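Plus 27 on top of the position in the sequence shown (first one is 1) and you've got the numbering used here. To start, the structure under review is shown below, and the notes come after it.
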Amino acid sequence: MKKLYFIMAALIVASMVLAACGAGAPAATEAAVEETAAAVTVKVGQVTDLGGIDDKSFNANGWAGAQKAVAELGVEAKYLESTQQADYAKNIQQFIDEDTNLIVTVGFLLGVDTATAAKANPDTHFAIVDYSYPDCFGDPSEEGKTCGSTTELPNVLGLTFQIDEAGFLAGYAAAASTKTGKVATFGGINIPPVVAFMVGYEKGVQYYNEKNGTAVEVLGWNTEANDGSFTGNFDSLDDGRSFAESFVQEGADIIMPVAGPVGLGSAAYCQESGSCMIVGVDVDWTVSSPEYKDVILTSILKNINVAVYDAIKAEVDGTFKGGVYVGTVANGGVGLSPVAGATDELNAELDAIKQGIIDGSIVTR
28 MKKLYFIMAA LIVASMVLAA CGAGAPAATE AAVEETAAAV TVKVGQVTDL GGIDDKSFNA
88 NGWAGAQKAV AELGVEAKYL ESTQQADYAK NIQQFIDEDT NLIVTVGFLL GVDTATAAKA
148 NPDTHFAIVD YSYPDCFGDP SEEGKTCGST TELPNVLGLT FQIDEAGFLA GYAAAASTKT
208 GKVATFGGIN IPPVVAFMVG YEKGVQYYNE KNGTAVEVLG WNTEANDGSF TGNFDSLDDG
268 RSFAESFVQE GADIIMPVAG PVGLGSAAYC QESGSCMIVG VDVDWTVSSP EYKDVILTSI
328 LKNINVAVYD AIKAEVDGTF KGGVYVGTVA NGGVGLSPVA GATDELNAEL DAIKQGIIDG
388 SIVTR
C-alpha cells in the first residue's frame, strides 16, 4: 500500500512534466506537480494510551513530535484517544482503514495490538513508544495473546528509552536534597516502563548513600523484592493526592510519581500542604505544569517527542525501517532538568555521574 508511494509519485510527476513539455504548457506542469505532491502527503496517526492526549506526559510528548513534523515536514497528523484497553485495536484499525502511512502507538499496553495489526498489514509502518519486538520469550503459543511477536517486525520501530539512567540522576538529586532522610516513589500500573523509573531512582539514592555515608531511605519501591506502590491507573488525581499524603505521613519530603496525570494530584497536595517536593517524569513539569513550579525539584526527561519526530522524518524521507531506537543519556534521549536549589557542588556531582553512566563505570539498574 505505502511502500511504493514515493516511487509512484515521482513517476507520476515525471510523466506530467514530459507531457507538459510536449504541449508547451509550463504553467500547467507546475500546477500538476503541486497537486501531485499534495496527493502523496504522508499521513501520521497517533493512538494514545489511557492517559489521553492532554496527559502532560508521554501521550502529549509524543503528539508534540507529530505536531513538529506537521510544521516542518508538511505531514498530516491526527490522534485517536483510548479510554479503555478495548479501544487500542479499534483505533489502530481506523487509521489502517484511512490509509495512514505511519501509525504511532503510545505505551507498553499497546504492544500486542500493535504487533497483531503490523503483521496483518505489512505495508503499513508503525512506531511504538516504550516497546520493541520480539517480546515473546516464553511459550510461542502466547503470541497474539499475552505478547506480540516471536520475531522482530520489519515494519515496526520500537521507541525505547534507558530511563533508569535519568532516574538514577533524579534519585541522587533527591537524596542530596531531602531534609527528612526519606524520599518516595510510586507508579500508575506495574509495567516495565514504569518500574524502570523507580529502579533507577532507588539506585541513585543508594549511590548517594555510598558516596556520602548517609542512609536516605526510599519508600514505595524495592528493587530487590521487586515490589512497590502502584495506584492501578494513570488518571486519578485523587489517588495522586492520597499517595502523596500517605508518604508524607511516613516521613518522605520528596516524591516521584510515575503515573501520568495522577502525579498532578501529588503536586497539588505538596503545594497546598507545603510538606513535599515532586520529581516530575517524561517532560519538564515546570514547563508542562507551571502552576506547580514552586514544588518541582526536577524532572526526568524522556524525549519521546524527538524519537517520534525522527520516526516521521524517516517515513517522509523513505528511509523508515523496523528495529529498535534506544534513547540514552549519551544520545540525549533521556536526561534530567535543572535541580531546584542545587549547589554548584551538586551540579558538578551530577555531571560526573552522567559521564560515569556514559562510559559504563556507573551501573543504573
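Built from N, CA and C at the ideal position, the CB exists for glycine as well. Small disclaimer: the values here were computed from a predicted structure and weren't measured.
Sheet register partners of residue i (DSSP bridge)
i           : result
residue 307 : 326
residue 90  : Bridge partners of residue 90: none, in fact.
residue 97  : BP columns for residue 97 are empty, so no partner.
residue 342 : Per DSSP, none; premise fails for residue 342.
residue 153 : 130, 183
residue 249 : 254
residue 284 : 213
Where residue i falls: helix, strand or coil (DSSP)
i           : result
residue 73  : strand
residue 106 : strand
residue 299 : helix
residue 244 : strand
residue 318 : helix
residue 38  : Interpretation of residue 38 is limited by its pLDDT of 42, a score under 50 that renders its predicted location unreliable; the figure taken from the coordinates is listed afterwards. Residue 38: helix per DSSP, three-state reduction.
residue 331 : helix
residue 80  : coil
residue 118 : helix
residue 143 : helix
residue 239 : helix
residue 269 : helix
residue 313 : helix
residue 261 : coil
residue 111 : coil
residue 293 : helix
residue 138 : helix
residue 85  : helix
residue 67  : coil
residue 347 : coil
residue 158 : coil
Whether residue i touches residue j by CB criterion (9 Å)
i           : j           : result
residue 94  : residue 133 : no
residue 223 : residue 392 : yes
residue 144 : residue 160 : no
residue 397 : residue 183 : Given that the chain is displayed from residue 28 to residue 392, the structure contains no residue 397 and the question cannot be resolved.
residue 252 : residue 231 : no
residue 262 : residue 387 : no
residue 118 : residue 103 : no
residue 228 : residue 198 : yes
residue 156 : residue 131 : yes
residue 67  : residue 186 : no
residue 243 : residue 235 : yes
residue 188 : residue 329 : yes
residue 367 : residue 325 : yes
residue 327 : residue 190 : yes
residue 389 : residue 195 : yes
residue 81  : residue 137 : no
residue 292 : residue 321 : no
residue 357 : residue 331 : no
residue 215 : residue 258 : yes
residue 348 : residue 149 : no
residue 217 : residue 255 : yes
residue 373 : residue 200 : yes
residue 369 : residue 168 : no
residue 300 : residue 272 : yes
residue 105 : residue 139 : no
residue 208 : residue 241 : yes
Within-9 Å CB hit, residue i to chain C
i           : result
residue 143 : Within the model displayed, chain C is absent; a lone protein chain is all it includes.
The ligand SAM heavy atom lying under 8 Å from the CB of residue i
i           : result
residue 134 : No copy of the ligand SAM appears in this structure; indeed no ligand is present at all.
At what residue ranges does the stretch 162-237 contain a whole run of the alpha helix (DSSP H), taking only runs of 4 or more?
190-204
Taking 8 Å as the threshold, find out whether the stretch 71-88 comes into contact with the stretch 278-290 through three or more Cβ pairs.
yes
Unbroken beta strand (DSSP E) runs of length 3 or more, entirely within the stretch 351-391: which are they?
361-363
Are there three or more Cβ pairs, one per stretch, closer than 8 Å when the stretch 121-138 is compared with the stretch 362-379?
no
Pairing CB atoms from the stretch 166-177 with CB atoms from the stretch 337-344, are three or more of them under 8 Å?
no
Inspect the CB distances between the stretch 269-281 and the stretch 302-312 and report whether three or more fall short of 8 Å.
yes
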